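Per full-length UniProt numbering: the sequence shown = residues 1 to 210.
We put the beta carbon where it would ideally sit given N, CA and C, even for glycine.
All of these numbers come straight from a predicted model, not from anything done at the bench.
Report on one structure; see the data block that follows.
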Amino acid sequence: MKLRGLYAITDSQLLADGKLLPYVEAALNGGARVLQYRDKSGDEARRLRQAEALRELCNRYGAALIINDDAELAARLGVGLHLGQDDGSLAVARALLGRKAIIGGTCHAQLPLAEQAVREGASYVAFGRFFNSNTKPGAPAATLDLLETARARLQLPIVAIGGIDLHNAAPLIERGASMIAVIHALFAANSAAEVERRARAFSALFEQQA
Ligand SMILES: Cc1ncc(COP(=O)(O)OP(=O)(O)O)c(N)n1
Ligand SMILES: Cc1nc(C(=O)O)sc1CCOP(=O)(O)O
Ligand SMILES: [Mg+2]
Numbered sequence: 001m002k003l004r005g006l007y008a009i010t011d012s013q014l015l016a017d018g019k020l021l022p023y024v025e026a027a028l029n030g031g032a033r034v035l036q037y038r039d040k041s042g043d044e045a046r047r048l049r050q051a052e053a054l055r056e057l058c059n060r061y062g063a064a065l066i067i068n069d070d071a072e073l074a075a076r077l078g079v080g081l082h083l084g085q086d087d088g089s090l091a092v093a094r095a096l097l098g099r100k101a102i103i104g105g106t107c108h109a110q111l112p113l114a115e116q117a118v119r120e121g122a123s124y125v126a127f128g129r130f131f132n133s134n135t136k137p138g139a140p141a142a143t144l145d146l147l148e149t150a151r152a153r154l155q156l157p158i159v160a161i162g163g164i165d166l167h168n169a170a171p172l173i174e175r176g177a178s179m180i181a182v183i184h185a186l187f188a189a190n191s192a193a194e195v196e197r198r199a200r201a202f203s204a205l206f207e208q209q210a
């Protein structure tokens, strides 16, 4: 599938109390093309149950499901994977998940990390954080210039992440981001209808620059 558009990432706090499935469905209905299941709890049974439900939803909407951090869970479900610098080897994950799986890697603000991720078989690279992030305030900062340089040097899709909202997303797409990954500005909403409205607005930014 083409990796372009809104990349929604779940958050266990924002999507507690029965919000996970309705809010994610609203994001998919609003046009999110990729969904990452990001859950830092060690509750394996719940993680498996939730990830299976998300896989069913994503299949229904023709979106890709990516599991954060957990190559074993991704392999068990036959879905994609996102790995950070401390989450294990991309090359090992590629061998485990096969050549068709979508596998992404965090590259912070460092092109050499992206070049290494390419060599190890990544499907996309992620740079960030571009703005102040509610979800991850301590993440190292990346610049728009880095994005432009990366776009010129790398042949694979680039994901931008960190503090992205409807007011600051457009320049990231203009400067080379194929996808924008969003947690707070998408899911910190009072209703599923509001999540869908935001997802539509994020997705429309890509149509304007097609
Ligand atoms: C699309 C995307 N980009 C970056 C990250 C961050 O991954 P990581 O550095 O491993 O941090 P955690 O998300 O695991 O806290 C991501 N998850 N997704
Ligand atoms: C999970 C994550 N990784 C980042 C990085 O820079 O690698 S920033 C981030 C949080 C993204 O959430 P929000 O859209 O709420 O800022
Ligand atoms: Mg990680």
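Counting only the Cα atoms, L146 lies some 11 Å from I158.
With a 10 Å radius around the Cβ and a threshold of 16 neighbouring Cβ atoms, S133 comes out buried. Secondary structure note for A160: its beta strand (DSSP E) is the uninterrupted segment 158-161. Within its own chain, the residues whose Cβ lies closer than 6 Å to the Cβ of A26, once the five positions on either side in sequence are excluded, are A192, V195, E196, listed in chain order.
Rounded to the nearest angstrom, the gap between the Cα atoms of R198 and A160 is 17 Å. Collapsing the DSSP output to three states places N190 in coil. Not a single heavy atom of ligand 1 lies less than 8 Å from the C-beta of Q110. The beta-carbon separation of R175 and L156, rounded to 16 Å, does not stay under the 8 Å limit for a contact. The stretch 101-120 makes contact with the stretch 71-84: 3 or more CB pairs, one atom from each, lie closer than 8 Å. Taking the CA atoms as reference points, V118 sits about 19 Å from I67.
Judged by DSSP secondary structure, V182 falls within the beta strand (DSSP E) whose first and last residues are 179-182. For I161, the shortest C-beta to heavy atom distance toward ligand 2 is below 8 Å. Following the DSSP letters along the chain, one finds L96 inside the alpha helix (DSSP H) bounded by residues 90-97.
Proximity annotation: ligand 3 has residues D69, G84, D87 in chain order, each selected because its CB is closer than 5 Å to a heavy atom of the ligand. Each of K2, M1, Y7, L3 was checked against the Cα of V182, and the nearest Cα belongs to Y7. If you check the C-beta of I183 against ligand 2, you find a heavy atom less than 8 Å away. Sequence-distant Cβ neighbours of L57 in its own chain, meaning closer than 7 Å and more than five residues away, are L21, V24, E25, L28. Per DSSP, reduced to three states, the secondary structure at A150 is helical. In the structure shown, the three-state DSSP call for N68 is strand. Secondary structure within the stretch 71-145: the alpha helix (DSSP H) runs of 4 or more consecutive residues, fully enclosed, are 71-77, 90-97, 111-119 (chain order).
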